[in-house]
Amino acid sequence: MWETDKPLRGYNTFGIAAKAAYFLPVVDLAGLEYAMREQPAPFFILGGGSNVLFTGDLPAAVLANRIQGIEVLHENEDEVKIAVGAGMRWHDLVTWSVERGYGGLENLSLIPGQVGAAPIQNIGAYGVEVSSAIEAVDAYDLDQGEVLRFPASVCEFGYRTSIFKTTYRNKLFILRVYFRLLRRPVLHMDYGAIREELNKMGVATPDVRGISQAVIRIRQSKLPDPLLIGNAGSFFKNPTVSQDVYDAFLHRHPGIPGFPAEDGRMKIPAAWFIDHLGWKGYRMGDAGVHDRHALVLVNYGDATGQDILQLATAIQGSVYEAFGIRLEPEVNIIG
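Residue numbers (numbering that gives the first Met the number 0): 0 to 334.
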């Protein structure tokens, strides 16, 4: 049954005190079909709430994805193929994989949110994007009332984007995600922080467990726990620029970090621009920029979504004025 005037503070990691006009946890396809029959308002699909900023109450019928389960579909000496319920916590899946020595997800340890959000955002960290492990996605078409399967080849995965975030935005309810994991893992340790952390841990010959633990330690040292300080992780995407533009930046700002991106472009950490302009640690009431990671905007208690958005807009304007770079939010702004 639908709940009404549902407080959403406990359903978003920013801890924003918004309300939903209607709210329904969905644990299986039958629950979704009930929602279709008894739809009281336009749908809004909510996963773990770790990548959203509510700027006001939602006059919507919120579907909260709670579909669970891991099913092993196929395995041999080289690989394991699994289907995972989209409502499962992402890190629980990573833990399941790492404990069995399967490779492919270890660099994505401790990313908040649910499995269903992974293909939507094409989540990534420390040199790995989830698209490298995804084989297909099952989703329910809310317009047609049918289940569709999307092979990875048609998902249009890109940097923090996919077909689910563009063409099918708010039109699909993700049911299951299919992964191919490796029994003979290819370890990704090119990210300098991982090698440094492994050295601190005294790990000379790392495996997927070691990589995962290193990533967890790095993330815990830099990123605030949403249970203690409301946040949604990285608020902005890292901008990409042409090689010529990057070279010009490097000439004016020796030491500016940059990493190769697609099509010969360079990716510059958004945190560098924000930190360089003195925003790290800045506070505007209960909205602020975290003092250890300039890319993380935080709610120190009773900030509204509008407070966070006002701060984000000020940062965007500051970066554009100083560098001519438009920072694009990675967080979905709702309202």
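Built from N, CA and C at the ideal position, the CB exists for glycine as well.
Quick one, which of the options has its alpha-carbon nearest residue i's?
{"i": "V240", "options": "A63, P150, L249", "result": "L249"}
{"i": "A20", "options": "M35, E105, A59", "result": "A59"}
{"i": "S220", "options": "E37, G30, R291", "result": "R291"}
{"i": "L109", "options": "I193, A270, I215", "result": "I215"}
{"i": "W1", "options": "F42, G14, G9", "result": "F42"}
{"i": "N121", "options": "A203, R159, G102", "result": "R159"}
{"i": "G82", "options": "H90, Q67, R325", "result": "Reading off the sequence shown, one finds Ala at residue 82, where the question assumed Gly. Out of H90, Q67, R325, Q67 has the C-alpha closest to the C-alpha of A82."}
{"i": "D224", "options": "F13, G191, R148", "result": "F13"}
{"i": "Q242", "options": "I228, G254, G232, F258", "result": "F258"}
{"i": "F53", "options": "T303, A313, L326, E320", "result": "T303"}
{"i": "D142", "options": "V97, E128, L31", "result": "L31"}
{"i": "V318", "options": "G284, A213, A269", "result": "A269"}
{"i": "V127", "options": "H252, F156, F149", "result": "F156"}
{"i": "D189", "options": "V202, A117, P150, N106", "result": "N106"}
{"i": "A40", "options": "L276, A29, L57, D27", "result": "L57"}
{"i": "A29", "options": "V185, W89, W271, G144", "result": "G144"}
{"i": "I255", "options": "E261, V244, G263, P205", "result": "V244"}
{"i": "N169", "options": "G201, G123, D140, F149", "result": "D140"}
Is residue j closer than 9 Å to residue i when the C-beta atoms are compared?
{"i": "V207", "j": "Y177", "result": "no"}
{"i": "G55", "j": "N11", "result": "no"}
{"i": "A286", "j": "L310", "result": "yes"}
{"i": "N298", "j": "I69", "result": "no"}
{"i": "R175", "j": "E78", "result": "no"}
{"i": "L72", "j": "K80", "result": "yes"}
{"i": "Y101", "j": "A138", "result": "no"}
{"i": "N237", "j": "K266", "result": "yes"}
{"i": "V51", "j": "V330", "result": "yes"}
{"i": "I193", "j": "K164", "result": "no"}
{"i": "V129", "j": "L104", "result": "yes"}
{"i": "V295", "j": "G232", "result": "yes"}
{"i": "R182", "j": "E74", "result": "yes"}
{"i": "I217", "j": "Y125", "result": "yes"}
{"i": "G334", "j": "A17", "result": "yes"}
{"i": "P111", "j": "W89", "result": "yes"}
Report all residues from its chain with a CB closer than 8 Å to the CB of residue i; omit the five preceding and five following residues, and keep chain order.
{"i": "N64", "result": "V25, I44, L45, G46, A85, G86, Q113, G115, F172, I173"}
{"i": "F322", "result": "F248, F272"}
{"i": "V97", "result": "L104, E105, S108, V207, R208, S211"}
{"i": "G316", "result": "none"}
So if DSSP puts residue i in a beta bridge, which residue, or which two residues, is it bridged to?
{"i": "G148", "result": "A small fix is needed here, since residue 148 is Arg in this sequence, not Gly. Paired residue(s): D137."}
{"i": "Y281", "result": "Its beta-bridge partners do not exist; DSSP assigns none."}
{"i": "Y21", "result": "T3, A60"}
{"i": "N298", "result": "G229, A286"}
{"i": "G157", "result": "T160"}
{"i": "F322", "result": "DSSP lists no partner for F322."}
{"i": "V240", "result": "M265"}
{"i": "K80", "result": "H73, R179"}
{"i": "R99", "result": "According to DSSP, R99 bridges with nothing at all."}
{"i": "L171", "result": "D140"}
{"i": "N198", "result": "Answer by DSSP bridge pairing: none, since N198 is not bridged."}
{"i": "N331", "result": "V51"}
{"i": "P205", "result": "DSSP lists no partner for P205."}
{"i": "L186", "result": "Per DSSP, none; premise fails for L186."}
{"i": "I44", "result": "L62"}
{"i": "P259", "result": "M265"}
Which residues in the same chain as residue i place their Cβ atom closer than 6 Å to its Cβ, once the five residues preceding and following it in sequence are excluded?
{"i": "C154", "result": "S161, I162"}
{"i": "L227", "result": "none"}
{"i": "L308", "result": "T54"}
{"i": "F358", "result": "Residue numbering for the chain in the displayed model covers 0 to 334; residue 358 lies beyond these limits and cannot be assessed."}
{"i": "G300", "result": "D285"}
{"i": "S152", "result": "none"}
{"i": "H187", "result": "N106, G126, V127"}
{"i": "A260", "result": "T239, K266"}
{"i": "Q305", "result": "T54"}
Excluding the 5 residues flanking residue i on each side, which residues of the same chain have their C-beta closer than 7 Å to its C-beta?
{"i": "P328", "result": "F234, F235, A311"}
{"i": "T204", "result": "none"}
{"i": "R8", "result": "G14, I15, A16"}
{"i": "V185", "result": "G102"}
{"i": "A213", "result": "I193, E196, L197, M200"}
{"i": "L222", "result": "G232, H292, V295"}
Quick check: the segment 274-288 against the segment 195-206, are at least 3 beta-carbon pairs closer than 8 Å? no
Any contact of the segment 121-133 with the segment 31-42, i.e. 3+ C-beta pairs under 8 Å? no
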